[in-house]
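What follows is one structure encoded as structure tokens, with my remarks underneath.
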Ligand code: SF4
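Chains as they are written, first to last, in our numbering: chain A, 27 to 291; chain B, 725 to 1140.
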């Protein structure tokens, strides 16, 4: 992005259990900078580093920050945040920015899944987070990757080449892992197993709630696995909307909260 | 960094008096247990305590002990002991915590009351399955372990309208308890004494209802969390004068708060109804969390469960049978939904929180589509929290917090 003189920017920081995301927006609600990093163990430091990268991309100085809103699991650890909002609120706001009509949002995060229903005016009607188990979340795929000896980033390509998907029946991550091992033992192809894993993620998510006619998918898992979205479309029998940066939706929503607050003030 | 709001919770002045009568109650039981001067009955929390008192028994309530194990956060370490005996982690965590504590020889009573070594030894165990089957299994374990007689009432479950047939069936079971209890107590049953006890229970229940109803005031003078603490006498001392006196005192304080426009939560902006068991080990944390969000959880089915409006001293057995069968937990979903709807209107709430307690399906009313039906009926939003009454391994604090904060954000959006 070309270097610009930014005298006012709004920052949204989404400190997820797995990744930290920062979005920098102009008062006119243009996304001008962003970054994603592993959250690691020092959330504060990671949020600082992410901000630097995103500001550089935006061509803005830290002094130009009018408001910074943090969200996500580590939202209370962001040193420069003026306020916090929950990730539920921020995902809703971020999605409505891209799709301003009534939707059901499916967010597949590193540690949890969310289903958020928005009305036509963007107000939240209801939301749900997954229950205790990691089944259906990014953590599930991360757990399976070393077991199969397949890097996470190769999963999508492999799943798309499957011709005979393995069916995994269990509700539980540990039981699913046993099922995977059983299938390895039986000599099933790795791409068929991975497709089965993808399907199990989708299954865990769609059974959380009834979906409205328009469905949006967001989150890191969606960002890195377009084939998983395609499978979800097949499963629910209609096309699914995905924002330009699915992993940044929460951060964008947080920045938008900041813009809204500044307007009210 | 966005600052966390400091929360100051208002103290209820009557708490000192409550602590005093509760201490008196536990010491009296302990003394009886040590000296054998009085007989002791264990009873389920919505069991026929009045009959027991009228026969001169002192009454211990294992559920109260279970809740103490929960509130002191001792329960989670006790539960595995019972699990190892074959009582699954999926069943009532009052049962597993209480049995586990017994096996380990530990009790929160010892910590709270100097000189008390543990729970009082029973002479008889009396249950009512109106609330669940777990109480029967729980008491059965002790009956075998301590070689003590066990008896009880088997109530119908999933009851729609409480009919004469239900009442007759339960009343006759209650009457049938009298002869064996006379024998154990060594006292002759006296109908006048039972009437006196039922009259006191009725007064206690009416006063407790009046206390809880003060929460319909805006702002509410009390929270659900206050209710869970101050319901102690209504559970363990109903049928006694002490409980009646105590609720006069508490009611006066609540009315005083109302007169002064004093809310339990500073700047009360949102009012919520709690459906389900308390999360005993997180009472204070949750109370603070809601206060920091200017939200008052002010009413609950749970605290209302010790309101027995049907008690009638002139017809003690039948009225007890009716009161103990009319309870929310005994009823069918349509009856429960009518009840909750009435409560939501009366307490003027903005939303409902359902607690899906892993180990108590009987108090988790969110598993058969009730939240969705009530939402349709009332248009009030709801949130379901996954947790447990006692087993803290079933709780994700971070997720609970995010859920609650997000729900309050949603209420904010609705208001603006
Ligand atoms: S109603 Fe629930 S919490 Fe109470 S004793 Fe029965 S199972 Fe346990």
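We put the beta carbon where it would ideally sit given N, CA and C, even for glycine.
Computed from a predicted structure; not experimentally measured.
Kindly list, in the order they appear in chain A, the residues whose Cβ is closer than 8 Å to that of residue i.
i: residue 1105(B); result: 151 and 152
Hey, would you say the C-beta of residue i is under 6 Å away from at least one heavy atom of ligand 1?
i: residue 858(B); result: yes
i: residue 767(B); result: no
i: residue 1048(B); result: no
i: residue 1110(B); result: no
i: residue 816(B); result: yes
i: residue 1089(B); result: no
i: residue 984(B); result: no
i: residue 1086(B); result: yes
i: residue 934(B); result: no
i: residue 855(B); result: yes
Does the Cβ-Cβ distance between residue i and residue j come in under 7 Å?
i: residue 839(B); j: residue 831(B); result: no
i: residue 192(A); j: residue 175(A); result: no
i: residue 1019(B); j: residue 994(B); result: yes
i: residue 170(A); j: residue 223(A); result: yes
i: residue 37(A); j: residue 91(A); result: yes
i: residue 858(B); j: residue 819(B); result: yes
i: residue 1030(B); j: residue 955(B); result: yes
i: residue 1078(B); j: residue 999(B); result: yes
i: residue 806(B); j: residue 824(B); result: yes
i: residue 1115(B); j: residue 817(B); result: yes
i: residue 278(A); j: residue 49(A); result: yes
i: residue 1075(B); j: residue 1095(B); result: no
i: residue 833(B); j: residue 874(B); result: no
i: residue 911(B); j: residue 780(B); result: yes
i: residue 822(B); j: residue 786(B); result: yes
i: residue 280(A); j: residue 141(A); result: no
i: residue 826(B); j: residue 750(B); result: no
By a C-beta neighbour count over all protein chains shown, 10 Å radius and 16 as the cutoff for buried, is residue i buried or exposed?
i: residue 984(B); result: exposed
i: residue 744(B); result: exposed
i: residue 926(B); result: buried
i: residue 1070(B); result: exposed
i: residue 1127(B); result: buried
i: residue 1092(B); result: exposed
i: residue 748(B); result: exposed
i: residue 871(B); result: exposed
i: residue 957(B); result: buried
i: residue 1015(B); result: buried
i: residue 173(A); result: exposed
i: residue 183(A); result: exposed
i: residue 1140(B); result: exposed
i: residue 88(A); result: exposed
i: residue 126(A); result: exposed
i: residue 915(B); result: exposed
i: residue 273(A); result: buried
i: residue 765(B); result: buried
i: residue 1044(B); result: buried
i: residue 207(A); result: exposed
i: residue 1122(B); result: exposed
i: residue 716(B); result: Since the first residue shown for chain B is 725 and the last is 1140, residue 716(B) is missing from the structure and cannot be characterised.
i: residue 34(A); result: exposed
Taking C-beta pairs closer than 8 Å, name the residues in chain B that residue i reaches, listed in chain order.
i: residue 111(A); result: 1133
i: residue 138(A); result: 1123
At 7 Å on the CB atoms, spell out the chain B contacts of residue i, in chain order.
i: residue 183(A); result: Simply none; closest approach about 33 Å.
i: residue 99(A); result: 1122
In chain A, what lies closer than 7 Å to residue i by C-beta?
i: residue 1130(B); result: 112, 114, 115 and 153
i: residue 1137(B); result: 149 and 150
i: residue 1127(B); result: 155
Contact between the stretch 161-169 of chain A and the stretch 198-212 of chain A (3+ Cβ pairs under 8 Å): yes
Given 8 Å, three or more beta-carbon pairs between the stretch 866-885 of chain B and the stretch 1030-1040 of chain B: no
Segment contact, 8 Å Cβ cut-off, at least three pairs: the stretch 128-143 of chain A with the stretch 44-53 of chain A: yes
Three-pair Cβ contact test at 8 Å for the stretch 882-899 of chain B versus the stretch 1050-1069 of chain B: yes
Touch test, the stretch 77-89 of chain A against the stretch 243-257 of chain A, Cβ-Cβ under 8 Å, three pairs minimum: no
Inter-stretch contact (C-beta, 8 Å, three-pair minimum) for the stretch 734-744 of chain B and the stretch 972-991 of chain B: yes
The stretch 115-124 of chain A / the stretch 145-153 of chain A touching (three or more Cβ pairs under 8 Å): yes
Sufficient close CB pairs (3 or more, under 8 Å) joining the stretch 903-910 of chain B to the stretch 960-976 of chain B: no
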